[in-house]
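What follows is a set of notes on a single structure, which appears directly below.
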Amino acid sequence: MTRQVAASVTVPTAGGGYPVLIGSGLLDRLDELLPEFPGAEAAAVVSSAPVAAVAGRVGEALAGRGLAVAQLEVPAGEDAKRLEVVAGLYERLAGIPARRADPVLAVGGGATTDVAGFAAATWLRGVPLVNLPTTVLGMVDAAVGGKTGVDLEAGKNLVGAFHQPLAVVADLDTLAGLPAAEVRSGLAEVAKAGLAGDPALAEALARSAGPAVAADPAALAPLVEGAVRVKAAVVGADEHEEGRDGAVGRLLLNYGHTLGHALERLAGYRGLRHGEAVALGMVFAARVAEAIGLARPGLEDGHVELLAALGLPVGGVRLDPDQVLAAMATDKKQRKGLRLVLLRELGQPEVVPAPGRDVLVAAIESLARDPR
Ligand SMILES: NC(=O)c1ccc[n+]([C@@H]2O[C@H](COP(=O)([O-])OP(=O)(O)OC[C@H]3O[C@@H](n4cnc5c(N)ncnc54)[C@H](O)[C@@H]3O)[C@@H](O)[C@H]2O)c1
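Numbers in my numbering are just positions in the sequence shown, counted from 1, shifted up by 198.
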């Protein structure tokens, strides 16, 4: 697969929608693939050191359009998602000076697109944004959907804004240098999209687990596309996470995340990747769904088989149920008592009030066993 847009998925929004371009060799064609920026004279490219070369290519394409390009570096990874970093970006934008028509282009993983997106949402009350994700998680999740933000000491993602990009350009070739553990972590979100939203995607992921983990662009293209389609449908139905009565809405995207977020919080966001935590969260959710009779036996086995094939954890973690339950109860998405996203069947998520403590404790304790 060379120099090919394998897919263009439209994210429908109130503003008319925007494309997510997925393929190989897209960096070679940025002059034609990047959207127009009417009235722009300058552009700010926000990236971190590991993807400086990609940011350089983006800068060249923008310079080719006659724009004055500023390269703005932020720390790699989660360290970028701090208000001090946003303040530094504002200073740099002021120095350009970046005006209302001048775009921000975010190059990197979810941490970079989150912080750059937040700066773009708030600088001059909002300037054009293009995301160029360079992690699997960024391509299938963080760069798509318009959520931007930073962390506080009090918690992750507590400050943010909705700000949809003009376009997302996901060049699968940029994943070549991404550590395998990061690829696997991103594939957990593909698994989530498949299990909760599109069973055919889960099957396709199971079939091509090996090449997908090896970040083979040909294997990844349909998987990234499938996961983006699931997210695009959910975002289109509920752009600002207002929730609709009775609708699962964006909560579909939260499958496996109630326990996952709790595990990340208990680990202090160190040592356990997001996708690893979500994988354990999905095994937990499948076990609870079977335990309360919502799902037929076999749901959990299917989850374990898929996630294990991707090299994601499916057990072997000893947890203190009281600590985990307390951390789950403080999840910011829990409003009226603890609720869980569970599957009745593959692709059929439901939001249910959490069952009794004994069921939850048993499912948490069962994660000590590794079922592989
Ligand atoms: N906005 C949303 O809707 C949304 C959704 C999901 C997750 N997120 C956020 O996304 C973040 C996680 O994103 P992530 O998993 O992409 O991690 P990340 O952005 O922290 O990137 C992981 C690491 O890989 C490096 N890296 C990135 N691309 C690389 C490449 N191509 N080659 C080599 N190294 C590379 C990064 O510098 C970093 O050190 C979290 O902060 C999470 O809150 C946001």
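Every residue gets a Cβ at the ideal spot worked out from N, C-alpha and C, and that includes glycine. Bear in mind the structure is a predicted one, so any value in this text is a computation, not a measurement.
N-terminal and C-terminal residue of the beta strand (DSSP E) that residue i is part of
i       : result
Ala-266 : 266-271
Ser-222 : 216-222
Thr-208 : 202-209
Asp-556 : That residue, Asp-556, is in no beta strand (DSSP E); its alpha helix (DSSP H) goes 555-564.
Pro-547 : 546-551
Distance between residue j and residue i (C-alpha atoms, nearest Å)
i       : j       : result
Asp-443 : Pro-553 : Reliability fails at Asp-443, whose pLDDT of 48 lies under 50, so the model's placement of it is uncertain and the value that follows must be treated cautiously. Asp-443 and Pro-553: Cα-Cα distance of roughly 21 Å.
Ile-490 : His-459 : 22 Å
Ala-571 : Leu-478 : In the structure as shown, the chain starts at 199 and stops at 570, and residue 571 therefore has no counterpart that could be examined.
Leu-507 : Gly-237 : Note that residue 507 is Ala in the sequence shown, not Leu. When rounded, the distance between both Cα atoms is 49 Å.
Gly-293 : Ala-378 : 38 Å
Leu-541 : Pro-547 : 4 Å
Val-249 : Thr-332 : 8 Å
Phe-360 : Val-302 : 15 Å
Ala-416 : Ala-524 : 43 Å
His-501 : Leu-393 : 8 Å
Arg-468 : Gly-264 : 42 Å
Ala-483 : Arg-448 : 17 Å
Leu-219 : Asp-520 : 44 Å
Gly-454 : Glu-239 : 44 Å
Pro-569 : Ala-431 : 33 Å
Ala-241 : Leu-260 : 7 Å
Cβ-Cβ distance between residue i and residue j below 8 Å
i       : j       : result
Ala-391 : Ala-425 : yes
Val-338 : Lys-279 : no
Arg-567 : Gly-513 : yes
Gly-347 : Asn-355 : yes
Phe-235 : Ala-299 : yes
Leu-385 : Val-411 : yes
Val-366 : Ala-340 : no
His-472 : Leu-335 : yes
Val-244 : Ala-304 : yes
Val-388 : Ala-413 : no
Of the residues the options, the one placed nearest residue i, counting alpha carbons only
i       : options                            : result
Met-480 : Glu-234, Arg-290, Ile-562          : Ile-562
Gly-257 : Pro-217, Val-328, Arg-297          : Val-328
Arg-485 : Leu-536, His-438, Leu-565          : Leu-565
Pro-363 : Arg-537, Ala-419, Pro-217, Arg-463 : Pro-217
Glu-437 : Val-209, Gln-202, Val-203, Ala-204 : Val-209
Thr-320 : Gly-466, Leu-370, Glu-289          : Glu-289
Gly-535 : Thr-456, Leu-492, Gly-466          : Thr-456
Boundaries (first-last residue) of the alpha helix (DSSP H) holding residue i
i       : result
Met-277 : At residue 277 the sequence reads Asp, which differs from the Met that was named. Careful: Asp-277 lies outside any alpha helix (DSSP H) and carries neither H nor E.
Ala-360 : Checking the sequence shown, residue 360 turns out to be Phe, not Ala. Not the alpha helix (DSSP H): Phe-360 falls in the beta strand (DSSP E), residues 353-360.
Pro-409 : 407-411
Ser-383 : 378-395
Exposed unless 16 or more other CB atoms sit within 10 angstroms - verdict on residue i
i       : result
Asp-556 : exposed
Ala-407 : buried
Gly-496 : exposed
Leu-228 : buried
Pro-551 : exposed
Arg-516 : exposed
Contact with chain D by residue i, beta-carbon distance below 8 Å
i       : result
Asn-355 : The question asks about chain D, but that chain is absent: this structure has only one protein chain.
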